[in-house]
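First residue of the sequence shown: 1, per the UniProt record's numbering; consecutive thereafter.
Note that beta-carbon positions come from the ideal geometry of N, C-alpha and C, so glycine has one too.
See structure below.
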Amino acid sequence: MTTIVTTIDTIDSALRSLSLSIHDHPELMFEEHYAHDTLTEFMESHGFLVTRHYLGLQTAWRAEFTHGKGGRTIGVNAEMDALPLIGHACGHNLIAVSGVGVAVAIKSALLAHNVSGKVVLLGTPGEEGGAGKITLLERGGYDGMHACLMCHPSAGSPNSSSTGSCLAMQPIDVEFFGHSAHAGNAPWEGANALDAAFLAYSNVSVLRQQIKPNHRVTGIIQGCKGAANVIPDYAQMHWLLRAPDRDQLQRLSERVEACFRGAVIATGCRLKITQGKPYHDLRQNTALGRYFSQTMGNCFGMCTRQVPFGASTDFGNVSYEMPSLHPSFAIPTQPHGGNHTPAFAISARSIEAHKVCMTVTKGLAWTGFLVLADDQFYTEVRDEYQRTLGALDAR
Numbered sequence: 001m002t003t004i005v006t007t008i009d010t011i012d013s014a015l016r017s018l019s020l021s022i023h024d025h026p027e028l029m030f031e032e033h034y035a036h037d038t039l040t041e042f043m044e045s046h047g048f049l050v051t052r053h054y055l056g057l058q059t060a061w062r063a064e065f066t067h068g069k070g071g072r073t074i075g076v077n078a079e080m081d082a083l084p085l086i087g088h089a090c091g092h093n094l095i096a097v098s099g100v101g102v103a104v105a106i107k108s109a110l111l112a113h114n115v116s117g118k119v120v121l122l123g124t125p126g127e128e129g130g131a132g133k134i135t136l137l138e139r140g141g142y143d144g145m146h147a148c149l150m151c152h153p154s155a156g157s158p159n160s161s162s163t164g165s166c167l168a169m170q171p172i173d174v175e176f177f178g179h180s181a182h183a184g185n186a187p188w189e190g191a192n193a194l195d196a197a198f199l200a201y202s203n204v205s206v207l208r209q210q211i212k213p214n215h216r217v218t219g220i221i222q223g224c225k226g227a228a229n230v231i232p233d234y235a236q237m238h239w240l241l242r243a244p245d246r247d248q249l250q251r252l253s254e255r256v257e258a259c260f261r262g263a264v265i266a267t268g269c270r271l272k273i274t275q276g277k278p279y280h281d282l283r284q285n286t287a288l289g290r291y292f293s294q295t296m297g298n299c300f301g302m303c304t305r306q307v308p309f310g311a312s313t314d315f316g317n318v319s320y321e322m323p324s325l326h327p328s329f330a331i332p333t334q335p336h337g338g339n340h341t342p343a344f345a346i347s348a349r350s351i352e353a354h355k356v357c358m359t360v361t362k363g364l365a366w367t368g369f370l371v372l373a374d375d376q377f378y379t380e381v382r383d384e385y386q387r388t389l390g391a392l393d394a395r
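Okay, structure coming up:
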């Protein structure tokens with residue numbers, strides 16, 4: 001632990017500068033060019049072998065360090081993207097520098113304790129709806145990893161973290177096609193696509209009364225530049241459906257899509273539904289989580305609980321493929337200033353948030369190093385993953 005703590009303390013000011021630099025240059029999904037260049041240069045300067053524009057994604061990257069022969073591979077993730085209009089209101093600047101800190105600290109520990117193994121840090125673009133990790137997963141970006149780690153800031157009780165799960169999510173794009181007509185002279189000749197969209201929205205609003213409390217359905221009607229005296233022949237909506245697991249999400253999706261089809265029947269329009277890549281629920285590895293929680297409590301006095309997180313992450317798909325840990329940690333926030341608010345963007349650049357992030361980074365790095373250094377611990381991690389996988393298959 002001393003090597004981990006010393007390494008992160010040594011690069012603390014550099015990580016703080018990286019965090020502020022990324023925060024001050026917010027970039028939307030798959031446009032994280034500044035973050036890509038800044039972070040890859042930093043990793044190269046710390047002795048990592050860097051692959052830019054990884055696996056065909058222009059803003060994805062991979063940084064790896066290997067010591068000795070054989071050994072296991074620990075994966076780490078660094079998110080980089082911001083949100084439209086409100087910048088780093090989910091704190092991905094903190095996630096990025098935490099990933100960097102974890103990787104550099106594990107490298108130092110491998111060298112200091114002469115442990116054979118590899119640490120791989122992936123720069124994963126497009127988490128905010130772009131499913132960047134899922135694309136990297138499909139293209140082999142996580143192949144060879146024995147476990148994978150990352151963390152995420154949130155609002156919550158001071159000096160606390162959580163290894164609870166989060167919701168599975170299904171993005172859906174909906175298009176309604178109608179027929180235009182003069183709105184004053186011959187409206188009966190038209191089929192109003194905008195009416196179909198509003199009916200669909202109303203149908204879903206009614207459905208919400210009959211869905212479970214831990215299910216979520218949210219959507220927007222996307223912009224239209226048509227004139228008020230023309231019956232709209234096109235309308236587009238974007239929806240996010242969430243549920244605690246994949247099976248429940250599928251059933252919820254079927255009910256929501258029925259709301260869209262009902263609007264089509266009522267208006268005489270045509271319908272096109274396009275499902276995006278689903279985000280799976282987060283399967284936290286209990287062996288990794290247990291050790292991380294003990295480390296945070298015993299070494300840093302931080303309370304770690306298993307509090308469910310109502311958001312979703314493409315890291316959930318990674319957690320289905322290998323032992324994974326994705327703790328969230330509380331940073332100081334204003335009242336009603338949680339994730340995805342302008343106030344959280346301000347909180348994510350505070351020195352207080354950085355200090356908490358570095359503490360969690362130390363615990364995460366130590367947990368990751370133990371996967372490489374301790375055969376018995378890794379066996380527990382692997383066995384727990386296989387038990388969870390077996391339970392999922394039996395469901």
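Notebook entry, point to check: Taking C-beta to C-beta, are E189 and P125 nearer than 7 Å?
Noted result: The Cβ-Cβ distance between E189 and P125 does not fall below 7 Å.
Checklist line | 7 Å CB neighbourhood of M150 in its chain, flanking five on each side removed | finding: Cβ neighbours of M150 beyond the five flanking positions: V76, N77, I95, G99, F315, H326.
Check: Across which residues does DSSP place G75 in a beta bridge pair?
Finding: For G75, which the question treats as bridged, DSSP gives the partners V120, C148.
Checklist line | Closest by C-alpha distance to T218, when choosing among G226, M237, R290, A227 | finding: Of all alpha-carbon atoms in G226, M237, R290, A227, the one lying nearest the alpha-carbon of T218 is that of M237.
Check: Within this structure, are the beta carbons of A193 and D233 separated by less than 7 Å?
Finding: Going by C-beta atoms, A193 is nearer than 7 Å to D233.
Check: Start and end of the alpha helix (DSSP H) containing E175?
Finding: In the DSSP annotation of this structure, E175 is not part of any alpha helix (DSSP H); the continuous beta strand (DSSP E) holding it starts and ends at 168-177.
Check: So is I351 buried or exposed if we call it buried at 16+ other beta carbons inside 10 Å?
Finding: Counting the other Cβ atoms within 10 Å of the Cβ of I351 gives fewer than 16, which makes it exposed.
Margin query: Can you confirm whether the stretch 175-184 touches the stretch 97-111 when touching is taken to mean that 3 or more C-beta pairs between the two stretches lie within less than 8 Å?
Written below: Segments in contact, no.
Check: Excluding sequence positions up to five away, which residues of its chain have a Cβ less than 7 Å from the Cβ of L111?
Finding: So the qualifying residues of the chain are H67.
Next item on the list: Can you say whether C224 is buried or exposed, counting buried as having 16 or more other CB atoms within 10 angstroms of its CB?
Entry: By the 10 Å Cβ count, C224 comes out exposed.
Note to self: Taking 7 Å as the threshold (C-beta atoms), are L136 and A63 in contact?
What the structure shows: It is not a contact, given that the beta carbons lie outside the stated cut-off.
Next item on the list: Take A131 and list the residues in its own chain whose beta-carbon comes closer than 6 Å to its own, dropping the five residues that flank it on each side.
Entry: Same-chain partners within the cutoff: K277, D314.
Check: Per DSSP, what kind of secondary structure is L85 in: helix, strand or coil?
Finding: Here L85 sits in coil by DSSP.
Checklist line | Y234, DSSP secondary structure in three states | finding: The answer is strand: DSSP assigns Y234 an E or B state.
Checklist line | For P153, three-class secondary structure by DSSP | finding: Here P153 sits in strand by DSSP.
Checklist line | Assigned secondary structure, residue 413 (DSSP; H/G/I helix, E/B strand, else coil) | finding: This structure does not reach residue 413, given that the chain is present from 1 up to 395, and the question cannot be answered.
Check: Is H326 helix, strand or coil by DSSP?
Finding: DSSP, reduced to helix, strand and coil, places H326 outside both helices and strands of the structure shown, so it counts as coil.
Check: Considering S290, what are the terminal residues of the alpha helix (DSSP H) in which it resides?
Finding: Checking the sequence shown, residue 290 turns out to be Arg, not Ser. Taken as a continuous stretch (DSSP letters only), the alpha helix (DSSP H) holding R290 covers 286-300.
Next item on the list: Check the C-beta distance from Y385 over to N285 and give it rounded, since I have them as a contact under 8 Å.
Entry: Right, the Cβ-Cβ distance comes to about 6 Å (below 8 Å), so this counts as a contact.
Margin query: If contact is defined by three or more beta carbon pairs under 8 Å, each pair taking one atom from either stretch, is the stretch 339-357 in contact with the stretch 84-92?
Written below: Counting C-beta pairs with one atom in each stretch, the stretch 84-92 and the stretch 339-357 have three or more that are closer than 8 Å, which means they touch.
Next item on the list: With Q250 as the anchor, note down where its alpha helix (DSSP H) starts and where it stops.
Entry: Here the alpha helix (DSSP H) through Q250 covers 246-267.
Note to self: Let me check understanding here. Comparing Cα to Cα, which of I22, W366, E321, D375 lies closest to T3?
What the structure shows: Sorting I22, W366, E321, D375 by C-alpha distance to the C-alpha of T3 places W366 at the top.
Next item on the list: Please confirm whether S328 and H152 have their CB atoms less than 7 Å apart.
Entry: A contact, by the Cβ cut-off of 7 Å.
Check: For C303, which beta-bridge partners are listed by DSSP?
Finding: In the DSSP output, where bridge partners are listed per residue, C303 has S160.
Check: Counting pairs of Cβ atoms below 8 Å between the stretch 259-269 and the stretch 198-218, do you hit three or more?
Finding: Contact between the stretch 259-269 and the stretch 198-218 is present, because at least three Cβ pairs lie under 8 Å.
Next item on the list: Have a look at L241 and I172 and give me their C-alpha separation to the nearest angstrom.
Entry: L241 and I172 have their alpha carbons spaced roughly 8 Å apart.
Notebook entry, point to check: Which whole runs of the alpha helix (DSSP H) in the stretch 350-392 are 4 residues long or more, in chain order?
Noted result: You should have 351-373.
Notebook entry, point to check: Can you name, in chain order, every residue of its own chain whose Cβ lies under 8 Å from the Cβ of F30, other than the five neighbours on each side?
Noted result: If we look at F30 and ignore the five residues flanking it on each side, its Cβ neighbours are L57, Q58, T59, D81, P125, G126, G130, G132.
Check: Is G170 buried or exposed, if buried means 16 or more other CB atoms sit within 10 Å of its CB?
Finding: Note on identity: in this sequence residue 170 is Gln, with Gly being the wrong assignment. Using a 10 angstroms sphere on the CB of Q170, the tally of other CB atoms reaches 16 or more, which defines it as buried.
Notebook entry, point to check: Are there 16 or more other CB atoms within 10 angstroms of the CB of I22, so buried, or fewer, so exposed?
Noted result: Residue environment for I22: buried (at least 16 other C-beta atoms within 10 angstroms of its C-beta).
Margin query: According to DSSP, V50 sits in a beta bridge with which residue or residues?
Written below: Bridge partners of V50 according to DSSP: A63.
Next item on the list: Could you check if R305 is buried or exposed, using at least 16 other CB atoms within 10 Å of its CB as the buried criterion?
Entry: Per the 10 Å Cβ criterion, exposed.
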